[in-house]
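Read through the structure below, which is laid out as structure tokens, and then see the notes.
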Amino acid sequence: MSISGLWRLSLAVLLMGGPAASALAQESEPIEGRVEQLYASPHYEQVLALLDGSNDRTAHLYRALCLLALSRQLDSQRAVESLVTAAPEFTISAEEVPPRFLMLLTETRRALLPGLLRKLFAQAREQYQAKAYDRAVPIFERILNLSETEDLRSLEDIGDLRVLSEGFVDLAKTPQAPPPPQTVAAAADDLVRLSNHQRAAHHVGRIVRHRRHFRFAQGLDEALADRPLVLEPGTERAIEGAEILR
Numbered sequence: 586m587s588i589s590g591l592w593r594l595s596l597a598v599l600l601m602g603g604p605a606a607s608a609l610a611q612e613s614e615p616i617e618g619r620v621e622q623l624y625a626s627p628h629y630e631q632v633l634a635l636l637d638g639s640n641d642r643t644a645h646l647y648r649a650l651c652l653l654a655l656s657r658q659l660d661s662q663r664a665v666e667s668l669v670t671a672a673p674e675f676t677i678s679a680e681e682v683p684p685r686f687l688m689l690l691t692e693t694r695r696a697l698l699p700g701l702l703r704k705l706f707a708q709a710r711e712q713y714q715a716k717a718y719d720r721a722v723p724i725f726e727r728i729l730n731l732s733e734t735e736d737l738r739s740l741e742d743i744g745d746l747r748v749l750s751e752g753f754v755d756l757a758k759t760p761q762a763p764p765p766p767q768t769v770a771a772a773a774d775d776l777v778r779l780s781n782h783q784r785a786a787h788h789v790g791r792i793v794r795h796r797r798h799f800r801f802a803q804g805l806d807e808a809l810a811d812r813p814l815v816l817e818p819g820t821e822r823a824i825e826g827a828e829i830l831r
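Under the numbering used here, read the sequence shown as residues 586 to 831, first letter to last.
As structure tokens, then:
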């Protein structure tokens with residue numbers, strides 16, 4: 586994006602902000618010409634005074650250019666950091682700015698943008714996990730756009746972020762198949778399992794009642810203890826299981 590293009594983008598943002606912002610944009614339009622004229626003169630201090638207090642992305646750009654021209658390296662570095670933070674997509678050609686500025690901009694982008702991309706990826710993944718695909722996809726696509734620039738492609742981990750983002754975009758855009766309907770066999774199995782549970786509960790109830798009756802009979806007729814007790818097949822083990830459950 587060129588410097589003039591950045592001016593137009595900043596003014597467009599102001600125009601979308603309503604009447605008050607539109608009035609401010611109209612007041613700001615002549616500033617573009619004055620800033621460019623003063624910067625070309627060059628009157629760097631006057632440009633800095635004209636842009637004082639402005640946090641516009643274009644102001645960050647001209648502020649950085651002027652500070653660099655005045656050999657205020659640290660202040661220029663801070664201005665470039667503000668520019669990259671405010672406009673991560675901003676790039677500029679070598680024909681429009683001095684080589685020193687282009688180098689500073691590239692180094693700052695390489696230092697700051699990987700962290701921003703990781704933060705964006707975490708946000709997009711969170712939206713994806715919440716099944717908010719309409720919000721997740723634009724963030725993943727922004728990651729892809731930011732990471733495809735020449736100054737970032739060679740950085741470590743950027744390639745991994747690109748691959749992961751592409752994968753999430755493909756998954757989000759793929760129609761989700763509805764879950765398969767329950768088959769007749771699966772429904773029958775559910776009924777069998779339910780029937781088994783019911784039979785088991787009934788069997789345990791019978792065992793408990795049988796043991797209670799056995800104790801009652803012992804109390805009435807002591808002779809019953811000397812006589813063999815005939816139980817249904819499997820009842821002995823079931824009684825042991827019932828005893829554990831008591």
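Where a beta carbon is used, it is the ideal one built from N, C-alpha and C, also for glycine.
*Contacts around SER750, its chain only, beta-carbon distance under 6 Å, and the 5 residues preceding and following it disregarded*: Locating residue 750 in the sequence shown gives position 165, counting from the first residue. Once the five neighbours on either side are set aside, the close Cβ partners of SER750 are PHE725, ILE728 and LEU729.
*Per DSSP, what kind of secondary structure is GLN611 in: helix, strand or coil?*
Here the question's residue 611 lines up with position 26 in the sequence shown. A caution first: GLN611 carries a pLDDT of 43, below 50, which makes its placement in the model too unreliable to give a value.
_Judging by CA-CA distance, which residue of ALA721, LEU687, PHE686 and GLY700 is the nearest neighbour of ARG710?_
By one-based count along the sequence shown, residue 710 stands at place 125. Nearest C-alpha to ARG710: ALA721.
*GLU630 to ILE616 span [Cα, whole Å]*: Against the sequence shown, residue 630 aligns to sequence position 45. Against the sequence shown, residue 616 aligns to sequence position 31. Taking the straight line joining both Cα atoms gives about 15 Å.
*asked:* Looking only at its chain, what residues have a beta carbon closer than 6 Å to the beta carbon of ASP719, apart from the 5 residues adjacent to it on each side?
replied: Residue numbering aside, residue 719 sits at position 134 when the sequence shown is read from its first letter. Nothing meets the Cβ criterion.
*Do you know offhand how far ARG663's Cα is from ILE743's?*
In the sequence shown, the residue the question calls residue 663 occupies position 78. In the sequence shown, the residue the question calls residue 743 occupies position 158. Roughly 24 Å between the two C-alpha positions.
_Taking a contact to mean a Cβ-Cβ separation below 8 Å, would you say ARG695 touches LEU740 in this structure?_
Indexing the sequence shown from 1 puts residue 695 at position 110. Indexing the sequence shown from 1 puts residue 740 at position 155. Yes, these two residues count as a Cβ contact at 8 Å.
*Kindly list the residues whose CB is nearer than 6 Å to the CB of ALA644, restricted to its own chain and excluding five residues on each side of it in sequence; keep chain order.*
As a first step, residue 644 is located in the sequence shown; it is residue number 59 there, counting from the start. Same-chain partners within the cutoff: LEU636.
*Given LEU668 as reference, the closest of GLN712, ALA717, PHE686 and LEU705 once Cα atoms are compared*: Working through the sequence shown from its first residue, we reach residue 668 at position 83. Comparing Cα-Cα distances from LEU668 to each of GLN712, ALA717, PHE686 and LEU705, the minimum goes to PHE686.
*Whole angstroms is fine: what's the gap from GLY618's alpha carbon to SER678's?*
For the purposes of this step, residue 618 is identified with residue 33 of the sequence shown, where counting begins at 1. For the purposes of this step, residue 678 is identified with residue 93 of the sequence shown, where counting begins at 1. Straight-line Cα distance between these residues: approximately 21 Å.
*With distances taken Cα to Cα, identify the nearest neighbour of LEU756 among ARG703, GLU735, THR734 and ALA717.*
The sequence position of residue 756 within the sequence shown is 171, counting from 1. Nearest Cα to LEU756 within the set ARG703, GLU735, THR734 and ALA717: ALA717.
*Does DSSP put ARG657 in a helix, a strand or coil?*
In the sequence shown, the residue the question calls residue 657 occupies position 72. The answer is coil: DSSP assigns ARG657 none of H, G, I, E or B.
*Neighbour-count burial assignment, GLN712, 16 or more Cβ in a 10 Å radius*: Taking the first residue of the sequence shown as 1, we reach residue 712 at position 127. A residue is called buried once 16 or more other Cβ atoms fall within 10 Å of its Cβ, and GLN712 is buried on that count.
*Rank PRO673, GLU733, PRO723 and THR691 by C-alpha distance to the C-alpha of LEU701 and give the top, closest one.*
Along the sequence shown, one-based indexing puts residue 701 at 116. Comparing C-alpha distances from LEU701 to each of PRO673, GLU733, PRO723 and THR691 shows the shortest one belongs to PRO673.
*Out of curiosity, what's the CA-to-CA distance linking GLY638 and TYR647?*
Here the question's residue 638 lines up with position 53 in the sequence shown. Here the question's residue 647 lines up with position 62 in the sequence shown. Cα-Cα distance, rounded: 13 Å.
*List in chain order: all unbroken beta strand (DSSP E) runs of 3+ residues lying wholly within the segment 663-743.*
Fully enclosed beta strand (DSSP E) runs of 3 or longer: not present.
*VAL754 classed as buried or exposed, judged by whether at least 16 other C-beta atoms fall within 10 angstroms*: Position 169 of the sequence shown, counting from 1, holds the residue named residue 754. VAL754 is classed as buried because its beta carbon has at least 16 other beta carbons within 10 Å across all chains shown.
*State the CB to CB distance for the pair VAL689 and LEU653, rounded to an integer number of angstroms; the pair is presumed to be in contact (CB under 8 Å).*
By one-based count along the sequence shown, residue 689 stands at place 104. By one-based count along the sequence shown, residue 653 stands at place 68. Sequence check: residue 689 is Leu here, not Val. About 7 Å; that satisfies the 8 Å criterion.
*According to the Cβ coordinates, are TYR833 and LEU650 closer than 8 Å?*
A query on residue 833 cannot be resolved here, the shown segment of the chain reaching from 586 to 831 and no further.
*Where HIS645 sits in the DSSP three-state scheme*: For the purposes of this step, residue 645 is taken as residue 60 along the sequence shown, with counting starting at 1. In the structure shown, the three-state DSSP call for HIS645 is helix.
_Classification of VAL748 by the beta-carbon crowding that lies within 10 angstroms, buried from 16 upward_ = For the purposes of this step, residue 748 is taken as residue 163 along the sequence shown, with counting starting at 1. It is exposed - the Cβ of VAL748 has fewer than 16 other Cβ atoms within 10 Å.
*Tell me, to the nearest whole angstrom, how far the beta carbon of LEU731 is from that of LEU698; I am working on the premise that it is less than 8 Å.*
The residue given as residue 731 occupies position 146 in the sequence shown. The residue given as residue 698 occupies position 113 in the sequence shown. Right, their Cβ atoms sit about 6 Å apart.
*Rounded C-beta distance between THR693 and THR734? I'm assuming under 8 Å.*
Mapped onto the sequence shown, residue 693 falls at position 108. Mapped onto the sequence shown, residue 734 falls at position 149. Contact flag wrong, Cβ pair sits at about 13 Å.
_Beta-carbon gap between ARG642 and ALA671 smaller than 8 Å_ = Here residue 642 is taken as the residue at index 57 of the sequence shown, counted from 1. Here residue 671 is taken as the residue at index 86 of the sequence shown, counted from 1. Yes, they are a contact pair.
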